[in-house]
Every structure is written in C-alpha cells, then in structure tokens.
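Protein chains in written order, with full-length UniProt numbering: chain D, 1 to 690; chain Z, 1 to 299; chain U, 1 to 207; chain L, 1 to 99. Backbone N, C-alpha and C define an ideal beta-carbon position, used for all residues, glycine too. Bear in mind the structure is a predicted one, so any value in this text is a computation, not a measurement. Notes to accompany the following structure.
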Amino acid sequence: MKLLGNLNWDVTPFSDAINDPSTNTFVAAGAASLVIIGAVSVLILLTWFRLWRPLWRDWLTSADHKRIGVMYIVLALVMLARGVAEGAVMRGHQAMALNGGPLSADHFSELFSTHGTIMILFVAMPLVTGLINIVVPLQIGARDMAFPVMNQVSLGLTAAGAALIMVSLVIGRFETGGWTAYPPYTGKVFSPGEGPDYWIWSVVPAGLGSMLSGINFAVTIYKCRAPGMTYMRMPLFTWTALCTAIMMIYAMPPVTVSSLMLALDRYAGFHFFSNDLGGNMMNYANIFWMFGHPEVYILVLPAYGVWSEVAATFSAKQLYGYVSLVTATMSIAVISFTVWLHHFFTMGQSASVNIAFGIATMIIAVPTGVKVYDWMATLWRGRIRMTVPVIYLTGFFILFVIGGLTGVILANPTIDYQVHNTLFLVAHFHNVLIPGVLFGMLAGIHYWFPKVFGFRLDETWGARAAGLWVVGFCLTFLPLYVLGLMGMPRRSPSFTDPAYLPMEYLAAFGAVVILGALAATFTTYIVSIRHRKWLAVPLGDPWDGRTLEWATPAPVPEWNFAVIPEVSSRDAFALEKEGGTPYAPVSRYADITLPRRTTMGLTVCVATTGTGFALVWHIWWLVILCFTGLLLTMIARAFATNTEQIIPAAEVARQHRRWLDAIAQNTGITRDAECTSANRGLAAPDEVIR
Amino acid sequence: MRRLSVLTILLIAASPAFSQGFLTPLGPVAEDQRAHLIRVTAVTMIAIVPVLIGVPLILWRYRRGRGAAYRPGFEFSLPLEITMWGVPTAIIIVLGGWLWQSTHKLDPYRPLGPDPLQVQVIGLNWKWLFLYPDQNVASIGTLVIPEGQPVQLKLTTDTVMQSFMVPALAGQIYAMPGMVTDLNLMANAEGEATGRNTQFNGVGFADQSIAVRAVDDAGWQAWVEGAGNAPALDSASYAQLGRRGSASDAASALDLPDSRMRLSEPDLFHQVVSSYHDGQPIAPDQQPGAPGYQPEAMK
Amino acid sequence: MSQNLHPGLNLGASHGDAHQQSELSVFGFWVFLMSDLITFGVLFATYAASSTPIAMAGGPGPAALFDLTSTGMQTAFLLASSLTCGMASLALKYREGPRRIALWLAVTALLGAGFLALELRDFADMIAKGATPMRSGWLSSLYALVGLHGLHITAGLVWIVVLLLLIWRRGVTDLIKTRLLIFALYWHFLDLVWIGIFSVVFLRGLA
Amino acid sequence: MSEERRERRSYLIGTLLSILLTAIAFATIPLDLPRGGTMLLIGISAVLQVIVQLRFFLHIDLSRQKREDLQLILFSLLLLGIMAGGTIWILTNLSQRMM
Ligand code: HEA
Ligand code: HEA
Ligand code: CUA
Ligand SMILES: [Cu+2]
C-alpha cells in the first residue's frame, strides 16, 4: 500500500516548469508560488505583529454573528483576488489566441473551471452569506443568530472547500470541465486524474455549509424577531435574506447529491452518468441546474435587498412600494425553482417542455421589473446624495437591465439554440452577476462597513473604484455579446477567425481597467484604515439610517442591543428620529446570555479539508482519520457543558450609558456634512424644504 | 417600428463581422431565429428604455441641494402600481405567445419538407463524422449538402457529450453517446459556412470545427460520385477515427486525399449507438475518445 | 403558551429561556428535515427515471431481485420502532426518571438494528446474484436511494447510543429533553421516507 | 394521567392504521390486479399512510400552534413535486425522443 496514495513530487507545477519550461508552465508555477508566498507572508505578518492571540480569541473561535460575517467577507476577498486574476489572464490569453495563444488548452480550461467555481461558490456566496450574517440580526433586533455554533460550522465548511481549491493550485491539477463539471467528460474514463475530485470535494462542503446557513437564517428570521417586528415591518434586506435562506435550504441538496453521485461513479464505478451500462448523463445536467438556477437568484436577491435600503436611505425617503417589493421577492424565489431547464434547452426534449420552462423563465422578468421601477419611484422626488453606494446603484440600473434583457432573449428557446454555449451567454451572466450581485455587495459593504468597524470608507477612493468598475465592466463584457452573436463558443482556448480580434482586444483592455478597479477598491480600504480616526462614526448613524441597525453604537457591542427594542412600525428608527424619542435612556438592564467561544468551526474546517484532500489523493488512512475526527467532534459537542457566557447587567449599562452620554454631548450634522470628518454618526434633522 | 428598422440597419452594417453567425443566415431556420431575436429585443425595449432614460433624469433632477419637489412620504400610488405590474405582464404575454409559436415551428426535430436528405452525424474527439447512408458516403469534418433541399441530421457521439451547431443554418443540438438527437436544416442558396462543437470536451475542443458547403445539384452529384473510389470506412478505419485528434489529423493518418470516404458499412451509425446498449461494460481502453483508448483492432 | 407546544416536551414551568431555545431547535430541525426531503426526492426521481430497460442494461431487474417478505418484515420492524419511539416520547413527557425512557429507546434501537440487518442481508443476496451497484444505472440509483435511507438509520442508531450515554451521565435535563424530541422527529421522518421506498421501489417494481 | 392514556391511544391508532394501509399496499402484488389499478392502490395507500403518520406520530394537525409546521411541510411538498415531477417529465420526454 502506498502511504501517500497517488501523491508524489511530480504533481506540483514546479516540476512541470522544470521539466518543460514554457510560458504556460511558468504561469502555473508562478500562480502556485503566489499562493505559497501569500500564505507564508500572512503567517510571518501575524507573528511579527503578534496577532495570533487576538486572531484566535476574537475571530477564529468567536461565535458572534458580526465577526463570522466579516470572516466570510475576508474569505471572499482572498478568493476574489484569485478569481479576478484568472479572469484577467483568460482575457489576456484569448486576445492572443488566434491560432494558438500563450497558455496550453489544458491550462486554459483549468482557469475557466476554477474561475467559475471560485466566483460563484467562494466569492459571491460568502459575500452574500457574510453580509446577511452581519446585518440581519441587527435589523430584526436579535442578539445573535438562532444557532451561533452552527453558524461557525457553516463558515468552517465553506472555508474548507475554498482551502481545497487553493491547494489544487499547488498540488496537482483542478478539473477542466467548467464550474458545471458535466459528465461523462468529468467521469473516470475521460478525466482519470484528480481534477474532478478536487471539484467534488470543494463543492460538497460548500454546499452543506450553505444549506446550514440557510436553515440558520430562516429560523433566525422566523423566530428571533424583536417584539412588534411583524413580517410586514421587516426591512427589505431582511426579506430578501429570508427568501435567499429558503432557497438555500431547498436548492443546495441537489448539488450535494449530484456531486456525490459523480463521486460514486468516479470512486466506486457506479453508473449514474457513465456512457455504458445504462448511465444517464442528462440527469446530471438536470440535477445540477435544479441547484444552479436557484443559486444565481440566491446571489442576486440580497443584492436587491441592498438596493432597497440604499435607495431609501440616500434619497431620504420611505421606500416606495414595500408590499410590491415583498411580493416580487417572494415570487422570484418560488418561480426560480420552475425554470432550471432553460440551461439545457438544446438537449433535445420536445417543444412543449421547452415552452413550459421558457415561459416560466420569462415570467421572472415581471417581478424583477417591478423591483427596478419601485427603486426608481423611491428616488423620485427624493433628495438624492451621490454617495458611493448610489454610484453603484446607478451602474446597476443601467447595466443590469441590459443583462436582464439578454436573459429574456436567452429564455426564448428559438434564440437560445443559437447563442447557448457562446460568449453571448458568458456576457449575459457576467452582466447580471457583476452589476447585479457584486455591485450590490460592494454597495452594501460600503453602506454597513461603519456599523461593523466604527469608521466610514473613504468616499473619494470609493467613487474612483466604483467608476472604474462600471467602465471596466462595459469594456470587458459588452464586446462578448458581439462575439457571441458571431458564433464564438464559450470556453475556447483558441480560435481561427480573425474577425474576432477587435472585440477580443477591447475586452482585454477592459480587463486591465478592471484590474485598476480592483486596485482602487483595495486602496479604498487601506486609505480608510489609515484615516480611521478622521472617518470614525462612533455614534453609529452616519447615513441618517431608517432601520434598527442604525440605532446602535459603532462598532456594535457583542450583544447588539442593550435592551431588545420594541418595534411599532416599518422604518422604526427613522420614525423615532422624526417625532419620537430616539436614544431614550433605559431604566432597567438585565444580564445577557451569549454563546461562549468555541473551536467547533475551526475543527470542522480542518477535519473537512483533511478528508477532502485525502479523498482526492486516495490516502485512505487519512480519510478515515479525518472523518472519524469530524464525527467525534460532533458527538463530543453533544456532551459539552458550559457553553454560555453571561454579560452582567452592570457592564451592559456602563457601555450603553457612555454611548448615550456621547450622543447627548454631540449636536449632530445635516446631510450636507455627511462625507466630512464632522460626521461622527449622529444625524441632525434636515433643514426644511427651501 | 422605426426602432426595429434602425436595429436591422445596424446589424446589417456590422454584417461582415458576423459572417459566420446566424445574423447572416444561409437558410430558413437561422433566418427565423434572427427575426425572432430582433422582434424580442424591440418589444422588450418598451420596458427597458424608460429605465435607461428615467434613471439619469431622476438622479439629476432630484439630487440633493437642487431644491426640487421633495415628498418623503410617497410610498404608494395605485395607478403607478398597476402600470408597474401591468406593462411588464403585457409584454411577457406577447413574448410568451411568440415563444410558444416559434418554438413549435422551429422544433429541431421537425423536418423542413417532405423526404429530407438523411445525414448521420457522429461526434468524436475532436472531429465530426458525417455519414450519408443513402449515398454510401462518409465525410470527416466537412458537411456538404445540396442547396434548396431539406436535410435531416441524426446525431450521436462516440465519446462525451457534444453540441453540434452551424450558426448560419440552424441552432445547436446536443449529441450524446448511445442516444440519437435530430436536427433539421436547409440552405437557401449556395454558400459556405462554419460549424462546430460548442460543448467543451477537452484540449482539442477548439479544433473541432467543420466546413459546411451548400452546393447546387451538379456539385452535389459530383461530390457524391467522387467518393466512390475513396478509401473505405470500415471498422478498422473507424477505430482510427476514435483516437483523439482533429479531422485533419485523422485524414492524414488514414491517407485520405480529401475529407471523403466510402461508407462500406451502411449500418455503422446504429452500431455506434447500440455499442452503448449491449449490456457490457466498456473498458477505458475501449472507449473512443478516452485518453487511454487502444482499439482492439490495432493492438 | 401551554406545555403542549410540542408534544413530548415537558420542560416544567420556570424555564422561559430553555423553552425558547428548544422551540428554535425543534423548528430548525424541521427545516433541516425538509431539506433532507429534497435530497431523497432527487434520488426518488432519479430512481423512477432509471426504471427502464435501458438503464437496467441487460442486468437483473426487480422481479429477479426483490423479496417481498423481507421488505414486509423490514417495514414491520420500522413501524414497530416508530411506535416504541413514540412510547419513549410519552415516557419523557409524563414520567419522571430516566429508566423508562432509556428502555424504550433501547428497544427502538434494537428494532432499528433488526431493520438494518435485514436490509444488509438483502443487499448481500442481491450482490450474490451479480446485482452490484456497478452492474447498471438502475442498480446504482437503487443502492443510492435505499442505501441513503439505511445510512440515515445507522446514524439514528449512533444517535440513540449518544442519547443513552447522555441520560446515563446527566439524567434527563432540559437540553436532553429537546434532543430526544428532535430525535423522535428524525426517526418518524425516516419511517415516512420508508413508505416512499417500499411503494416506489419494491411494490411498484413488482407490480 | 388520562392525557397520557389519550396520547398513547393516538400512537396505537396510528400504528394500526399504518399496518392496515401497509397490508393493503402489499396485498396488491399477489392479487395480480391490472397494473394501473395496482399502482393506483399503492399510491393511494402510501399517501394515506404518510398523512396518518404525520398526524399520529408527528402530531401535525390543523390547529393554530401547528400551522407553521404544516405550512413548512406543504411548501416543501410543493417544491418536491416541482423538482421530482419535473425531473421525471424531462427525463422521460428526453428518452422517448432519443431512442
Ligand atoms: C460572481 C461571478 C463572476 C465574476 C465576478 C466574474 C468575473 C470575471 N470574469 Fe467570469 N465567469 C463566471 C463568474 C464570474 N466571473 C462563471 C460562472 C464563468 C463560467 C465558468 C465556466 O465556463 O464553467 C465565468 C467565465 C469567465 C470566462 C470564460 C469565458 C469562456 O467560457 O470563454 C472569462 C474569460 O475571460 C471570464 C472573465 C471574467 C473577468 C475578466 C472577471 C473579473 O475580472 C471582472 C471583475 C471583477 C469584479 C467585478 C468583482 C468585483 C468585486 C469586488 C471587488 C468585491 C470586493 C469585495 C469587498 C469589498 C469585500 N469569466
Ligand atoms: C445573478 C445571476 C443571474 C441573474 C439575476 C440572471 C437572470 C436571468 N437569467 Fe441568467 N444566468 C446566470 C446568472 C443570472 N441570470 C448564469 C450564471 C448563467 C449561466 C451559467 C452557465 O452556463 O455557466 C445564466 C444563464 C441563463 C440562461 C441559459 C442560457 C443558456 O445556457 O443557453 C437563461 C435562459 O433562459 C437565462 C435567463 C435569465 C433571465 C430571464 C433572467 C431574469 O431574471 C432577468 C430579469 C431582469 C430583467 C428582465 C431586467 C429588469 C426588468 C425590467 C426593466 C422590466 C421588464 C422587462 C421585461 C418585461 C422584459 N440565464
Ligand atoms: Cu441524451 Cu438521451
Ligand atoms: Cu438560470
């Protein structure tokens, strides 16, 4: 028996680069070195700045929903850096790919496969999950998630999947059949290597983690709302989070099942999707998209929620059409389970089947349109401040409707027969994913950042970044529509038609602009951290917010609310500020029970990564070891006692009173000074209409 | 309607660049598909253009400090609600109707006329093999069809899933091992076009294109007859085709003067399809297109 | 709110917080079961779509493999275990003291183990007839569906052991009451899935 | 005490009904009815037994306290129906057109 399974030195890109030096192998070796250098320098920096203890105490073992949310977003950022770099490399390669190109076809296919998998499951998904984690308990007046420890475990599972993808850069190769990983191509016969196994064991834990997150969010929103917070008083972001959670609960099982079926085919010789002995590869596409389609709405719904909050806050108005927005959100969530076949209109089923799913797909345009119009009506007759989130909102409006339009075009089987599997489709989904999901998340992060960290983000750099994103996006992806209509297939490592070149050059140039945008985004964070004193908003309400989360100090204490608020209307905080008694003193404080720190999530993360890695390389003893460890951890948790800590009432009172005092001593600012250092997070009433 | 014609003009102006796409169609199916694209785009504009125009206007007019009307409590208006839900619904009803009608009309399984020319298509890694059972002709990587006559393709693969598309003639359809899908198409005029596999299937994916020629009657007869003394496609040469490589790789391996072969086993297509249904497992070295393929005939 | 919020739950009068937490857990577990239901649903649909001669690929079919007597006995075991599991809930609700609860739980576990043993014997018989999961697409989906249910039962057995250990170490605390209640949901749910399996797989296969 | 007896009775009733419905379902096989009829009987008794177990074992009923659980179950069944039904529809349609 081989102790290390299929592992040996030859599986690293370094040995490739030594044995066969070329641009192709150097790019791979360079990427692997970057991962190693990155990991090592993080370790060194942590040691240098003596951050191990705080990292361990305050973050890795914390069960606080805000910190878990932040960790999700940091994970997303790390993965994003890789995803964007891969996108840029792909565009660069394709611009030179007339009859060839610098990278090998194999390498290019690894790139789009990791890029797609990473962007969907390890960038967009953690961004969404992280933001929901941070915001929802605050918006509904809860102390934490319903299941704080499970929350940690979800993060651990997602991180395990991400870790495995990162490992695949250094040890061995990733899968080459795209983020959809269709068999039989990814089956053992056609892909005998470890690639598809890496894909499987990254996707399965991430899927499980998201399913658990969904349960957590849904139960939190169902059961942990503050008194008086009826469903129809919930902020819109919470509504979208609820619908997303429900979709996570029902849409994640299919991908877990289809990936595990693929694993059974590969590892145990089953015949679910094989060519021979009655396998049925069409069922893979079918099950995968039962997850895949709802997945994209899982991503976009919370972004819709961000737009609702941003539009209302920055136009200083009530949200227009609350009931319509809620109805539309729920309809999108439910209908999205009835459309999955539009991803394989061209598989050969009868016209009636295609028609049913095509029309169901188109129907989604109606509620989506209603939402777009509702946000416009919210801005109408408001007093709009052109802050960074509103710049993103503008980009969203203009670009997303184009992406939506091309979605509706794709929903027509007649046309889809022509543009399916072409760059037209690639342009469509980047056109909804980037202006829809990522702009939404960027806007949401800018909006809620001060709540979590106590200081605002720099507006100047923020605006520069936002501008570059919009321009870069247009340059990179609009040309792909043209290429798609010209018939250029997606996933092409090279092409022979010189007519593609102009558009390819344009797109490559756009990718450069996008890299600039990414740099500007990171600069925003660095500049803001440098100027954090100047940007500090400790009083907690920098934007004249309307919902409950703004009625807390910034950063928010671990227990969120000194006393759980009583809610009597929508936009509860805005109403208080208008006529009631915001920041009212509290007469009686009570002890607060919070979950204790725990290493549960971390243990699950390590054990799962180990199991996955061992499975990829067939190191059976390690599989058994890690998996047993995983099981024992869970069983041991059942015996754990003393899982809670108590914050004494006196401590709560002390902090709360100090905050109230600071507010009493501050006069606040009007919205004109919102982006200056005068903004300490207290909103003064606006001047009367001129 | 004006917008529609503007769009058409724009598209036609760009047509040299679109020479291989369905925007310069060579047959009725692609023509209909292009028309449908333009129709759908135009109608959708009713809902989209207001956003494109309205958003900048609103942002400008109601920016803070300009002192335009301010109604912070505006949160509902019945007429507005009815418009917001009504207009998109109406558009979708119209689009849905068209979708219904055009999807039935352009069902790829529907022959485009009586007695279509039969062509069998086998997808291999990384080439397409065309069999003309009635003419006893086989052709690798080149599809020749008579102009003005309906053609019915029957597709399968002898490797992974692929997707066959000739944009200028008709849309794509998947082809899968052990299964048969249909695609009907027709060329209106003589001409040339490119087709390909669009479903990623490995390192040779980009090479898997085909030359399509629609020829007149004389050209067709000549092409068919010319195959009479070409090398024969039998199980031995077919096994060679199953190896990984492009159409030209295969042609040179088999010493072909051009893409044509003589189809000596008219039943080849069905043999390929049923090889996946004989209840026997297919070992990796017997699976055409697999990296370890070692055809028995050549061992 | 009354004590009857969830039958079987008897947390006593003075446990506001515990009650709240237990309601969260129970509801959360319901939601998890619904997610699990989708998992089974996907496998059911796969199985149904694979019940064709093509997917059987010339291998053995239902008539050659299924043994109604065994299926019937498995059904009986599972149903009986549902009843005993219910008795454990009742003991939890109305009796102080752990003995009865532990007893009923142990009986449930034995019945579950009996079910599992029969199922494994059936699998062994099938494999002996050459009907391995590698023989055909249909058999793959059969083993996946039935096997996943069997795995759930196995997990349930481990769970019972953990519960018994907990009761032995700690007595019947509030926390353990909630966990027992959740376990009961799980066990009854598995019985529901089994109804689907014997109807869709075994009876339909022989009809 | 009487409440306990009532609940115990409910478990027993549930078990008896389940046995009955299982027996009906299993009896269809040796009875050798026409295939359609057999399937119908099996289907009906399965659905009934699911309802019986939900009612008597899982204590789901129409009362107010249980409404949330019931709604959850119904919604899940809706999605299950869409997914499983859709899958069967799609795959049978495909295999009819591909052979
Ligand atoms: C969320 C999803 C997402 C995102 C953001 C992107 C971003 C990019 N993608 Fe793509 N892409 C996919 C999802 C995504 N992609 C998928 C699913 C596929 C299909 C894979 C397959 O074929 O299987 C694909 C495939 C794909 C291809 C292959 C096309 C083909 O098949 O031929 C290419 C080629 O160039 C490409 C390019 C790019 C580029 C240049 C970027 C970027 O460079 C664009 C710029 C990046 C952003 C706009 C992100 C901005 C966000 C932030 C900066 C967040 C900051 C975070 C905080 C503040 C916390 N993508
Ligand atoms: C966040 C992600 C996201 C979102 C929101 C959408 C939104 C939509 N998508 Fe997209 N889609 C993807 C991500 C997304 N998609 C991805 C990742 C893929 C490909 C994956 C792969 O293959 O790798 C894909 C693929 C895809 C296909 C498959 C194509 C193919 O493979 O051939 C189709 C086909 O119907 C489709 C349709 C739609 C439609 C109709 C919408 C609608 O929801 C859009 C609705 C919005 C609008 C219409 C605009 C606003 C509305 C108005 C202003 C008012 C009214 C408008 C009308 C009445 C028309 N999408
Ligand atoms: Cu594909 Cu049948
Ligand atoms: Cu979709």
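1. Can you tell me whether DSSP reads D/M281 as helix, strand or coil?
2. Classify Z/R244: buried if its beta carbon has 16 or more other beta carbons within 10 angstroms, exposed otherwise.
3. Please confirm if Z/H277 has its CB atom under 8 Å from at least one CB of chain U.
4. Just to confirm my understanding: we take D/D374, look at its own chain, exclude 5 residues before and 5 after, and list those with CB closer than 7 Å. What are they?
5. Classify D/I409 as helix, strand or coil using the three-state DSSP reduction.
6. Going by the C-beta, is D/M362 closer than 7 Å to any heavy atom of ligand 2?
7. What are the partner residues of D/A683, as DSSP defines its beta bridges?
8. Do D/D10 and D/H65 count as a contact pair if the criterion is CB distance below 8 Å?
9. Assign D/D416 to one of two classes, buried (16 or more other C-beta atoms within 10 Å of its C-beta) or exposed (fewer than that).
10. With a threshold of 7 Å, establish whether the CB of U/V161 neighbours any heavy atom of ligand 4.
11. Give the secondary structure of Z/R260 by DSSP, where H, G and I count as helix, E and B as strand, and everything else as coil.
12. Figure out for me which residue from U/F123, U/Y94, U/F77 has the closest Cα to the Cα of U/W194.
13. For Z/A227 and Z/W220, what's the separation of their Cα atoms in angstroms?
14. With distances taken between CB atoms, is the gap from D/I564 to D/A226 smaller than 8 Å?
15. Under the rule that 16 or more other beta-carbon atoms within 10 Å means buried, what is D/V42, buried or exposed?
16. Any beta carbon of chain L sitting closer than 8 Å to that of D/G440?
17. Who are the near neighbours of residue 695 of chain D in its chain, counting only those whose CB is closer than 6 Å to its CB and skipping five residues on each side?
18. Would Z/V203 count as contacting chain L if we go by Cβ distances under 8 Å?
19. Go ahead and pull the three-state DSSP assignment for Z/P63.
20. Would D/G209 and D/S154 be called neighbours here (beta carbons separated by less than 8 Å)?
21. From the DSSP secondary-structure annotation, give me the bridge partner or partners of U/R95.
22. Helix, strand or coil: how does DSSP classify Z/I140 here?
23. Please confirm whether Z/M179 has its beta-carbon closer than 8 Å to some beta-carbon of chain L.
24. Taking any Cβ of chain L, which residues in the region 326-352 of chain D have a Cβ under 7 Å from it, in chain order?
25. Could you tell me the alpha carbon to alpha carbon distance between D/T552 and D/A142, rounded to whole angstroms?
26. Taking only runs of the alpha helix (DSSP H) that begin and end inside the region 21-74 of chain L, which ones reach a length of at least 4 residues, in chain order?
27. Is any non-hydrogen atom of ligand 4 found closer than 7 Å to the C-beta of Z/V215, if you look at the structure I gave you?
28. Determine the chain L residues that contact D/Y250 at a beta-carbon separation under 7 Å, and present them in chain order.
29. Look at the alpha carbon of Z/L169 and the alpha carbon of Z/E147, and state the distance between them as a whole number of angstroms.
30. Under a Cβ-count criterion, where at least 16 other Cβ atoms within 10 Å of its own Cβ denotes burial, should U/L185 be classed as buried or exposed?
31. Could you tell me the distance, in whole angstroms, from the CA atom of Z/D285 to the CA atom of D/V353?
32. Just checking my contact of U/L65 with U/M126 at CB under 8 Å: how many whole Å lie between their CB atoms?
33. When the cut-off is 8 Å and only beta carbons count, does U/G28 lie next to chain D?
34. With 8 Å as the limit, tell me which residues of the region 372-385 of chain D have their beta carbon closer than that to any beta carbon of chain Z; keep them in chain order.
35. Using a Cβ cut-off of 8 Å, which residues of the region 50-69 of chain U contact any Cβ in chain Z, in chain order?
36. For D/G207 and D/G403, what's the separation of their Cα atoms in angstroms?
On the basis of the supplied data:
1. helix
2. buried
3. yes
4. Y320, G321, S324, L325
5. helix
6. yes
7. D/I669
8. no
9. buried
10. Checking every heavy atom of ligand 4 against the Cβ of U/V161, none is found closer than 7 Å.
11. strand
12. Looking at the Cα atoms, U/F77 is the closest of the given residues.
13. 11 Å
14. Closer than 8 Å, so yes.
15. exposed
16. no
17. The first residue shown for chain D is 1 and the last is 690, placing residue 695 of chain D beyond what the model contains.
18. no
19. The question names Pro, but residue 63 of chain Z is Arg in the sequence shown. DSSP places Z/R63 in strand when its eight states are reduced to three.
20. yes
21. DSSP, once it has assigned bridges, lists no residue as partnering U/R95.
22. strand
23. Closer than 8 Å: yes.
24. F337, T338, L341, M347, G348, Q349, S350
25. So the alpha carbons of these two residues sit roughly 12 Å apart.
26. 35-56
27. Taking 7 Å as the cut-off, the C-beta of Z/V215 does not count as close to any heavy atom of ligand 4.
28. L79
29. 11 Å
30. buried
31. Cα-Cα distance, rounded: 38 Å.
32. 5 Å
33. yes
34. V372, Y373, D374, M376, A377, L379, W380, R381, G382, R383, I384, R385
35. I54, A57, G58, G59
36. 27 Å
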